[in-house]
Every structure is written in structure tokens, then in C-alpha cells.
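Quick notes on the structure that follows.
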Amino acid sequence: MNNSGQVLGIDGLKDKSYLARCQKTLRSWGAPFSGWTCKEIYDVRDDDWNAPLHACELCGCTKVRYVHVMTHPDYFEDVSVGCICAGIMEGDILAAKDRERLMRNRSKRKRSFPKRKWTRTTNGWSLTYHGEQILIGRSRHNPERLGVKYNGQCVWTYKGKPITDFLSAAYAAFNLADPVPEAKP
Ligand SMILES: [Zn+2]
């Protein structure tokens with residue numbers, strides 16, 4: 001398939017004691033060593049530089065910014081881990097690194113999204129992104145609330161909260177226009 005197949009697995013991992021520690025933890029949980037897949041990846045700091053970092057549930061590293069949520073058909077719980085632990089669990093370090101790189105690039109785009117050249121409209125803002133128009137506007141029923149329209153979809157909340165400021169509206173717009181890439185099966 002791929003000529004880097006030799007290093008795609010976990011054999012290329014230099015720190016064998018780290019690998020052994022992770023496997024020991026999995027064993028203590030009665031969890032499988034391999035065959036995990038990533039069902040979701042998220043950036044705990046995608047819109048907030050000061051958000052606390054995540055602690056990897058497998059190795060305990062407390063500086064995880066990009067959280068890989070790993071799932072296994074034979075294990076009842078998902079496990080939220082950092083990049084290398086995700087690679088160990090799915091047996092493919094490079095795939096995990098690749099996923100994290102895509103996420104990191106998306107986070108950069110998200111950060112700069114509110115600073116794009118938004119145009120003022122009569123009741124909000126508009127922006128053309130990748131050829132599609134995005135509209136942010138005030139609700140005519142409740143002027144405190146902002147909504148975002150993109151590609152026929154309309155949203156009024158961001159991260160479960162009503163949108164009341166431009167920044168949240170722009171981030172909500174970004175999530176519509178530039179969604180997190182689907183995790184590979
Ligand atoms: Zn870890």
C-alpha cells in the first residue's frame with residue numbers, strides 16, 4: 001500500500017518503555033492492545049488560549065491539546081488520549097500524527113477566521129469563504145441574539161450557548177464552513 005509501511009506501525013516507536021507502560025495500563029483495564037479507532041479529535045484550545053489542557057487517559061501526560069477519542073468494539077468505554085498514545089492504540093503512529101496535523105492547521109484557520117474581511121450589512125456581517133456566502137445577522141425577534149447562515153443552514157448557538165457576540169458568531173460560522181475532517185474508519 002504505502003512504502004512507509006514499516007514505520008506506520010508502532011515498531012518504529014523509539015521509546016519502548018513508554019510503549020510497555022501504555023500496554024501495562026491497557027492490560028490493567030482489561031482493554032485490548034490494538035484495534036482501536038479514532039472516532040473524534042478536538043482541540044481543547046481551538047477558541048480559547050487559556051483553556052486547560054487535557055490529561056492523556058493512557059500515559060497521564062497533562063499537556064494534551066489535541067484530544068483523540070479512541071473507541072473499540074470490544075471495550076465499553078472510549079479513551080481520550082494524546083497523539084502518540086492514539087497511534088499505539090490504533091497501531092499506526094503516522095495516521096495519528098497526520099490526523100493531528102490536519103487538526104492543528106484547522107485550528108490556525110479557525111483562529112484567524114474572525115479577522116477575515118467581513119463586510120458590514122444592515123443587520124450584521126457577511127463574508128465569502130471558498131466561494132460561499134456566510135451571513136451573520138441579528139434576530140428580528142430578539143436583537144440580543146445573532147444567527148449564522150451558511151449554505152442554507154442556520155445556527156443560533158455556538159458550543160451549546162446562544163450567540164450574542166461577533167466572535168462566537170464567527171466561530172460558529174467557521175464550524176459550518178470548515179468542519180472537522182471526518183475521522184478515517
Ligand atoms: Zn498518552
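Residue numbers for the sequence shown follow full-length UniProt numbering, so the first one is 1 and each next one is one higher. Yeah, the Cβ is synthetic: ideal placement off N, Cα and C, and Gly gets one too. Nothing here was measured: the structure is a model prediction, and the numbers come from that model.
| Query | Result |
| --- | --- |
| Can you check the region 101–170 for any beta strand (DSSP E) of at least 3 residues that lies completely inside it and give the ranges in chain order? | 119–121, 124–129, 132–138, 146–150, 153–155 |
| Taking the C-alpha atoms as reference points, what is the distance between R45 and A55? | 14 Å |
| Terminal residues of the continuous alpha helix (DSSP H) containing E40? | Segment 37–43 is the beta strand (DSSP E) holding E40; no alpha helix (DSSP H) there. |
| Between G35 and the rest of its own chain, which residues show a CB-CB distance below 7 Å, the 5 nearest in sequence each way excluded? | H72 |
| Can you tell me whether Y75 is helix, strand or coil according to DSSP? | coil |
| By Cβ distance below 6 Å, which residues in the same chain neighbour E40 in space, the five residues on each side in sequence not counted? | V69 |
| Under 7 Å: does the beta carbon of V44 sit that close to some heavy atom of ligand 1? | no |
| For a test of the three-state rule: what should DSSP assign to residue 203, helix, strand or coil? | Because the chain here runs from 1 to 185, residue 203 falls outside it and cannot be looked at. |
| State yes or no: is the C-beta of V155 within less than 8 Å of the C-beta of A170? | no |
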